[in-house]
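Q:
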Amino acid sequence: MLFNSLEYLLFLPTVVALYWLAAKRLRPLLLLLASYYFYMSWFAKYGLLLAILTIVNYSIGLILAHRKITAAQRSAAYVIGLCANLGCLIVFKYTNFLLESVWHFFNQVLHPWMQLAHLNNAAPHLHILLPLGISFFVFEFVHYLTDVYGGSYAIKNPISFGLFAAFFPSQIAGPIKRYEDFDGQLSVMGPFDIKLFRSGCWLIIEGMFKKVVLGDNLAPIVQQGFANPHSLASLDAWLCAVCFALQIYYDFSGYTDIGRGSAMLFGFRLPENFNKPYLATSLIDFWHRWHMSLSTWLRDYLYKPLGGSKHGTLRKYRNLLITMLLGGLWHGASWHYVLWGAFHGIGLVLNHAWRQFREMRGPSKTSAQRVFASAGSLCTPLFVLLGWVLFRAHSAGDALLIYQSMLFWQPPGSALGQYLPMILIGPLPAGFLLYGLFQLIKYLSANWSNLPIRHLKDPVCYTLRWWL
Numbered sequence: 003m004l005f006n007s008l009e010y011l012l013f014l015p016t017v018v019a020l021y022w023l024a025a026k027r028l029r030p031l032l033l034l035l036a037s038y039y040f041y042m043s044w045f046a047k048y049g050l051l052l053a054i055l056t057i058v059n060y061s062i063g064l065i066l067a068h069r070k071i072t073a074a075q076r077s078a079a080y081v082i083g084l085c086a087n088l089g090c091l092i093v094f095k096y097t098n099f100l101l102e103s104v105w106h107f108f109n110q111v112l113h114p115w116m117q118l119a120h121l122n123n124a125a126p127h128l129h130i131l132l133p134l135g136i137s138f139f140v141f142e143f144v145h146y147l148t149d150v151y152g153g154s155y156a157i158k159n160p161i162s163f164g165l166f167a168a169f170f171p172s173q174i175a176g177p178i179k180r181y182e183d184f185d186g187q188l189s190v191m192g193p194f195d196i197k198l199f200r201s202g203c204w205l206i207i208e209g210m211f212k213k214v215v216l217g218d219n220l221a222p223i224v225q226q227g228f229a230n231p232h233s234l235a236s237l238d239a240w241l242c243a244v245c246f247a248l249q250i251y252y253d254f255s256g257y258t259d260i261g262r263g264s265a266m267l268f269g270f271r272l273p274e275n276f277n278k279p280y281l282a283t284s285l286i287d288f289w290h291r292w293h294m295s296l297s298t299w300l301r302d303y304l305y306k307p308l309g310g311s312k313h314g315t316l317r318k319y320r321n322l323l324i325t326m327l328l329g330g331l332w333h334g335a336s337w338h339y340v341l342w343g344a345f346h347g348i349g350l351v352l353n354h355a356w357r358q359f360r361e362m363r364g365p366s367k368t369s370a371q372r373v374f375a376s377a378g379s380l381c382t383p384l385f386v387l388l389g390w391v392l393f394r395a396h397s398a399g400d401a402l403l404i405y406q407s408m409l410f411w412q413p414p415g416s417a418l419g420q421y422l423p424m425i426l427i428g429p430l431p432a433g434f435l436l437y438g439l440f441q442l443i444k445y446l447s448a449n450w451s452n453l454p455i456r457h458l459k460d461p462v463c464y465t466l467r468w469w470l
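Numbering-wise (our numbering), the sequence shown opens with residue 3 and increments by one.
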């Protein structure tokens, strides 16, 4: 069941109605059952996997919070919990990646001997279906166990903990929740809030628009372009890269907005995940705006445990590189994701080094520093755009072909190229125009107090937003 499907548009209002009609003490159980129905609509057997992991982490959390066990026993329980969570993630997501990588390595080293032995050169491949959302709920479990091990409280109510793990608005595509925040909201469960409900409806509408009208209409251009990297002219290569940068933003942020809006209908607030990332003025700023729940998770549970910036500049840069390499691998089981993580890791190291150099020079704003600051606002989107090519390409070799077309001029077969007419003719121009109007109305609604016709705010803005 996808968020942008008819089934979800029937499922969501049904669950919302039952939730607010049910007695307050029954609402968490109702949401838990609805969340498992939502998850098992994909593949029923993986509901069992989620349930087993939930029971394991709930039990280990209680053990970690128990005061009468020794430090060694707590450490052992924590390690067992980490191994259970990360082991499941590795088995389901990275088994074939590891098998293929090891096979290709030995194939290169032992190629003559394999030919003599008439061994098949094809890498082994197991048919393992990846459970949807496993990367997200495993990270939430790791965060929970780490915080409880560090002294935070454990969730004692099994229904509350089960709902933290399975809450369907954030189950498939995030954002990555923090259990203290979610459990705090679950414990109070205030009365029906019409303003929050209305905000949730608007967020769902905006998310649907971004996902269906913009993201889905950019997808064919991206798919066609990246499927034929050897035949891309320079203009087409740049257009495909820009289209993918827009597609991944509208797809991901739109899907997240639908999830956050759905949570608001039940009275829950999920963390914001995107904050105009392509307006970032530096790569550091970009990662403060893009997939923010993942960025903060990587900072708190990987970068800081590695030592963060405490032990000198070189170790800080090493920790940044390790964090981004593993962050790239988290996105997908392929070497081009690792290279994408390395690309951003190197960029962050250079960004931090430049920032440190500027701080050593002092706070004075010279004309040269202002020029460099302006250049950062221009270079950051370009750097991110080049990184997206590595992220989306089917392999590192395909990415190199696209980079070659982008950096060395290759004339298109026609004056407008292959993909520009697809962008200019069709639903995309109208979609971007409507989305721009929607954003303008949101801005006017937020800043209406500065206008001379303040009393017209509600009727004008609501009418225009519903019309769009």
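Glycine residues also receive a C-beta, built at the ideal position from the N, C-alpha and C atoms.
1. Across the stretch 194-202 and the stretch 274-290, are there enough close Cβ pairs to call them in contact, namely three or more that are closer than 8 Å?
2. So the alpha helix (DSSP H) GLY334 belongs to, where does it begin and stop?
3. Quick one: Cα of GLY63 to Cα of LEU33, how far?
4. Assign PRO133 to buried or exposed, taking buried as 16 or more other Cβ atoms, counted over all protein chains shown, within 10 Å of its Cβ.
5. Only counting the same chain, and skipping five residues up and downstream in sequence, which positions put a Cβ closer than 8 Å to that of THR258?
6. Would you decide whether THR56 is buried or exposed? Buried here means 16 or more other CB atoms lie within 10 Å of its CB.
7. How many Å lie between ALA335 and SER397 at the Cα?
8. What distance in whole Å lies between the Cβ atoms of GLY261 and SER137, which are believed to be in contact at a cut-off of 8 Å?
9. Using only CA atoms, which one of VAL340, ASN230, GLY269, GLY227 lies nearest to VAL190?
10. Once you ignore the five residues that flank LEU327 on each side, which residues in its own chain have a CB closer than 8 Å to its CB?
11. How is MET266 classed by DSSP in three states: helix, strand or coil?
12. Let's test the definition: count the other Cβ atoms within 10 Å of the Cβ of LEU100 and tell me whether it reaches 16, buried, or not, exposed.
13. Rounded C-beta distance between SER43 and MET3? I'm assuming under 8 Å.
14. Return the Cβ separation of ASN98 and HIS127 in integer angstroms, given the expectation that the two are a contact with Cβ distance under 8 Å.
15. Of the residues PHE393, LEU35, ILE404, LEU50, which one's Cα is nearest the Cα of ALA162?
16. Starting from the N-terminal side, write out each stretch of the beta strand (DSSP E) that is 3 residues or longer and does not extend beyond the stretch 189-255.
17. Would the stretch 17-33 and the stretch 222-239 be scored as touching if the rule is three or more Cβ pairs under 8 Å?
18. If VAL351 and LEU392 are in contact, beta carbons under 8 Å, what's the gap, nearest whole angstrom?
19. Apart from the five residues just before and just after SER284, which ones in its own chain have a Cβ nearer than 7 Å to its Cβ?
20. For my contact list, LEU205 and GLY263 are in at a C-beta cut-off of 8 Å; report their separation, rounded to the angstrom.
21. For LEU430, collect the residues of the same chain with a Cβ closer than 6 Å to its Cβ; drop the 5 residues on either side in sequence, then sort them by chain order.
22. How about the stretch 294-308 and the stretch 395-411: do they share at least three Cβ pairs that are nearer than 8 Å?
23. Quick one: what does DSSP say GLN441 is sitting in, helix, strand or coil?
24. By the 10 Å Cβ neighbour count, where 16 or more other Cβ atoms means buried, how is LYS318 classified, buried or exposed?
25. Enumerated in chain order, which unbroken segments of the alpha helix (DSSP H) with a length of 4 residues or greater are wholly contained in the stretch 55-129?
26. Just how far apart, CA to CA, sit PHE490 and LEU51?
27. So, is MET266 buried or exposed, given that buried needs 16 or more other C-beta atoms within 10 angstroms?
28. Could you spell out where the alpha helix (DSSP H) holding SER311 opens and where it closes?
29. For PHE5, which of helix, strand or coil comes out of DSSP?
30. Rounding to the nearest angstrom, what Cα-Cα distance links HIS145 and GLY83 in this structure?
31. Would you kindly report the start and end of the unbroken alpha helix (DSSP H) that includes ARG29?
32. Just to confirm the assignment, what range does the alpha helix (DSSP H) spanning SER284 have?
A: According to the structure shown:
1. no
2. Secondary structure note for GLY334: it is in no alpha helix (DSSP H), with a DSSP letter that is neither H nor E.
3. 22 Å
4. buried
5. ALA175, GLY176, PRO177, GLY209, ASN275, PHE276
6. Classification of THR56: buried, given that the 10 Å Cβ count is 16 or more.
7. 12 Å
8. Contact doesn't hold; Cβ gap of about 15 Å is too wide.
9. GLY269
10. VAL340, GLY343, ALA344, GLY347
11. DSSP places MET266 in helix when its eight states are reduced to three.
12. exposed
13. For a cut-off of 8 Å, the C-beta gap from SER43 to MET3 is around 4 Å, short enough to register as a contact.
14. With a Cβ gap of about 6 Å, ASN98 and HIS127 count as contacting.
15. Checking the displayed sequence, the identity of residue 162 turns out to be Ser instead of Ala. Considering only alpha carbons, the answer is LEU35.
16. Here no run is fully enclosed.
17. no
18. Between LEU392 and VAL351 the Cβ distance is about 17 Å, and since that is not below 8 Å, they are no contact.
19. Excluding residues up to 5 positions away in sequence, ASN353, GLY378, THR382 lie with their Cβ nearer than 7 Å to the Cβ of SER284 in the same chain.
20. 3 Å
21. ASN219
22. Contact between the stretch 294-308 and the stretch 395-411 is absent: fewer than 3 CB-CB pairs across the two stretches fall below 8 Å.
23. helix
24. Counting other Cβ atoms within 10 Å of its Cβ, LYS318 reaches 16 or more and is therefore classed as buried.
25. Counting whole runs of 4 or more residues, the stretch 55-129 contains the alpha helix (DSSP H) stretches 73-91, 97-111, 113-118.
26. Limits of the chain in this structure are 3 at one end and 470 at the other, which puts residue 490 out of reach.
27. buried
28. Careful: SER311 lies outside any alpha helix (DSSP H) and carries neither H nor E.
29. DSSP places PHE5 in coil when its eight states are reduced to three.
30. For the pair HIS145 and GLY83, the Cα-to-Cα distance works out to about 11 Å.
31. 29-42
32. Counting along the chain, SER284 falls outside any alpha helix (DSSP H), and DSSP gives it neither H nor E.
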